[in-house]
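Below is one structure; the comments refer to it alone.
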Amino acid sequence: MELTLLDEDGTLRRVPMGEAAAFSKPTAPLRSRVVYAAAHVAPKVHADNTPGAPADIDWDATLAFRRTVWSWGLGVADAMDTAQRNMGLDAAATRELISRSAEAAREALADPAIAAVFPEGAQVGDLFAAGVSTDHRPEAELTLDEIVAAYREQLAATEATGATAVLMASRHLARAAGSAQDYEDVYRQVLESATAPVVLHWLGTAFDPNLEGYFGSTNTAEASGTLLRIIGRDPAKVRGVKMSLLDDAAEIAVREQLPEGVLMLTGDDFHFSHLITGSHGGYSHALLGAFAATTPAASAAIQALDAGDEAGCRRILDDAEKLAVHVFSAPTYHYKAGVAFLAWLNGHQQAYQMVGGLHAARSLPHLSRIVELAAQTGNLEDPALAAERWHSLLRGNGYDVPAEGSVR
5 MELTLLDEDG TLRRVPMGEA AAFSKPTAPL RSRVVYAAAH VAPKVHADNT PGAPADIDWD
65 ATLAFRRTVW SWGLGVADAM DTAQRNMGLD AAATRELISR SAEAAREALA DPAIAAVFPE
125 GAQVGDLFAA GVSTDHRPEA ELTLDEIVAA YREQLAATEA TGATAVLMAS RHLARAAGSA
185 QDYEDVYRQV LESATAPVVL HWLGTAFDPN LEGYFGSTNT AEASGTLLRI IGRDPAKVRG
245 VKMSLLDDAA EIAVREQLPE GVLMLTGDDF HFSHLITGSH GGYSHALLGA FAATTPAASA
305 AIQALDAGDE AGCRRILDDA EKLAVHVFSA PTYHYKAGVA FLAWLNGHQQ AYQMVGGLHA
365 ARSLPHLSRI VELAAQTGNL EDPALAAERW HSLLRGNGYD VPAEGSVR
């Protein structure tokens with residue numbers, strides 16, 4: 005079987021399709037690392053999911069995808085940037101997503117097949133983490149006290165579902181804070197309200213330019229110092245830190261200074277292979293949008309690590325990273341288009357569409373390279389289905405690609 009690809013100059017070329025990787029679902033909990041995939045949402049195909057319209061979500065497909073992630077032994081991190089939060093997913097849809105996903109996690113724990121791949125006695129928060137921010141407030145500007153109140157409102161609602169809370173970086177706080185001390189004061193007050201340990205999230209400007217200077221400085225070392233002071237004040241309130249700066253050296257520097265028991269959850273979609281496998285005398289756990297696109301590979305890699313096969317883990321993660329580097333290429337904040345595209349190729353949603361119409365954010369040659377890399381790295385779950393769907397997209401855009409095999 006051959007795959008037709010589209011190059012930047014508009015030229016079509018044919019390459020061998022290759023076989024799907026022989027990844028197997030786990031039969032026991034993953035032990036070596038804590039791993040979350042930051043999941044996307046699938047829109048209703050017939051709905052008005054155009055730019056500026058409220059998100060109209062295909063809940064069946066969206067929740068089925070989360071069950072698939074859990075079946076591979078990975079946790080789901082939801083209502084974050086991968087789910088198009090602040091890029092198509094409005095506040096009402098965010099609240100509903102968290103509620104529905106938490107209930108789906110509760111139901112998953114009652115499924116013996118899924119319960120078997122999580123630790124005995126696992127709770128909703130072990131399967132499901134959800135973002136907490138201030139974005140339900142429509143005002144562009146909030147005072148620091150209003151920001152604390154907004155964080156607390158979302159935190160209480162998220163904790164009520166049983167989810168592990170992820171304190172996301174707040175655009176309101178980035179605008180309002182005048183110093184590192186302002187960040188420390190806001191986070192101190194919010195953490196005092198938490199009833200269970202939370203994950204702190206540091207999102208870099210590649211993902212959201214509105215967050216420049218977060219934690220009080222554009223100097224990463226200085227901002228890291230602020231983050232570490234926030235954690236050090238009450239480490240028992242912090243389960244972990246997700247760093248998404250695409251700067252592995254900065255992540256390692258913070259990781260080396262974390263209090264005992266506080267996890268580093270890498271959000272570095274460019275360097276996660278060596279960060280997870282281990283480097284500089286330590287390792288990171290993971291909370292990655294890339295793992296929504298490569299869930300079977302992520303699971304297989306940790307299974308290999310559990311079996312003592314560090315080299316095998318590294319090979320799988322190196323391949324997944326090769327794909328992720330392209331999916332997350334600049335402008336990085338449009339990576340969600342690649343995640344949704346791979347979900348469609350792999351049969352997890354009906355059409356290549358996104359809320360807010362953001363599936364138009366990447367070019368056909370960019371998508372072609374995703375297909376090529378996914379085929380090369382074993383990240384197409386059903387190569388025949390993926391090829392037919394990709395070729396149908398090319399045909400729909402006027403390219404003469406002959407149909408072959410079964411149409412699905």
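Residue numbers (the numbering used here): 5 to 412.
Glycine included, each C-beta is placed from N, C-alpha and C at the ideal position.
Here the structure is a predicted model, which is why all the values come from computation and not from measurement.
{"Asked": "Residue burial classification, Thr54 (beta-carbon count within 10 angstroms, cutoff 16)", "Found": "exposed"}
{"Asked": "Span of the beta strand (DSSP E) around Glu150", "Found": "It is not in any beta strand (DSSP E) - Glu150 instead sits in the alpha helix (DSSP H) that spans Leu148 to Ala164."}
{"Asked": "Same chain, Cβ closer than 8 Å to Ala106, five either side skipped, listed in chain order", "Found": "Val128, Phe132, Ala134, Thr165, Gly166 and Ala167"}
{"Asked": "Start-end ranges of the alpha helix (DSSP H) lying completely within the stretch 89-138, minimum 4 residues", "Found": "95-113, 116-119 and 128-131"}
{"Asked": "Lys29, DSSP secondary structure in three states", "Found": "coil"}
{"Asked": "Stretch-stretch touch, CB-based, cutoff 8 Å, three pairs: the stretch 388-408 with the stretch 5-23", "Found": "yes"}
{"Asked": "Boundaries of the alpha helix (DSSP H) in which Thr72 is found, first to last residue", "Found": "Trp63 to Ser75"}
{"Asked": "Beta-carbon proximity of Leu269 to Leu291, cut-off 9 Å", "Found": "yes"}
{"Asked": "Coarse secondary structure for Thr222, derived from DSSP in three states", "Found": "coil"}
{"Asked": "Glu264 in three-state terms, based on DSSP", "Found": "coil"}
{"Asked": "Range covered by the alpha helix (DSSP H) that runs through Gly316", "Found": "Glu314 to Val331"}
{"Asked": "Three-state secondary structure (DSSP) of Arg412", "Found": "In this prediction, Arg412 scores a pLDDT of 34, lower than 50, which makes its location untrustworthy; no coordinate-derived value is stated."}
{"Asked": "Three-way DSSP call (helix, strand, coil) for Asp238 in this model", "Found": "coil"}
{"Asked": "Proximity below 9 Å, CB of Leu195 to CB of Leu207", "Found": "no"}
{"Asked": "Under 9 Å between C-beta atoms of Ala296 and Val343", "Found": "yes"}
{"Asked": "Contact check, Asp212 vs Tyr356, beta carbons under 9 Å", "Found": "no"}
{"Asked": "For Ala119 and Pro33, the rounded distance between their alpha carbons", "Found": "9 Å"}
{"Asked": "Backbone CA spacing between Arg393 and Ala379 [nearest angstrom]", "Found": "14 Å"}
{"Asked": "For Lys340, the three-state DSSP class (helix, strand or coil)", "Found": "helix"}
{"Asked": "Assigned exposure category for Glu255 - 16 Cβ within 10 Å defines buried", "Found": "buried"}
{"Asked": "Tyr40 - partner residues in DSSP beta bridges", "Found": "Gly79 and Leu291"}
{"Asked": "Proximity to Pro263 [Cα-Cα], best of Leu231, Thr224, Val329 and Ala161", "Found": "Leu231"}
{"Asked": "Secondary structure of Thr8, DSSP reduced to three states", "Found": "strand"}
{"Asked": "Beta-carbon proximity check, Lys241 vs Ala198, cutoff 9 Å", "Found": "yes"}
{"Asked": "His50, buried or exposed, once every other Cβ within 10 Å from all chains shown has been counted against 16", "Found": "exposed"}
{"Asked": "Per DSSP, the bridge partner or partners of Ser170", "Found": "Note on residue identity: the sequence assigns Val, not Ser, to residue 170. In DSSP, Val170 forms a bridge with Gly135 and Val203."}
{"Asked": "For Thr281, the nearest candidate out of Asp310, Ala294, Thr299 and Gln261 (CA to CA)", "Found": "Asp310"}
{"Asked": "Neighbour-count burial assignment, Asn223, 16 or more Cβ in a 10 Å radius", "Found": "exposed"}
{"Asked": "Rounded straight-line distance, which links the Cα of Val203 to that of Asp186", "Found": "19 Å"}
{"Asked": "Whole-Å CB distance - Ala91 paired with Gly285, under 8 Å assumed", "Found": "Per the sequence presented here, residue 91 reads as Met, with Ala not at that position. That pair is no contact at about 37 Å."}
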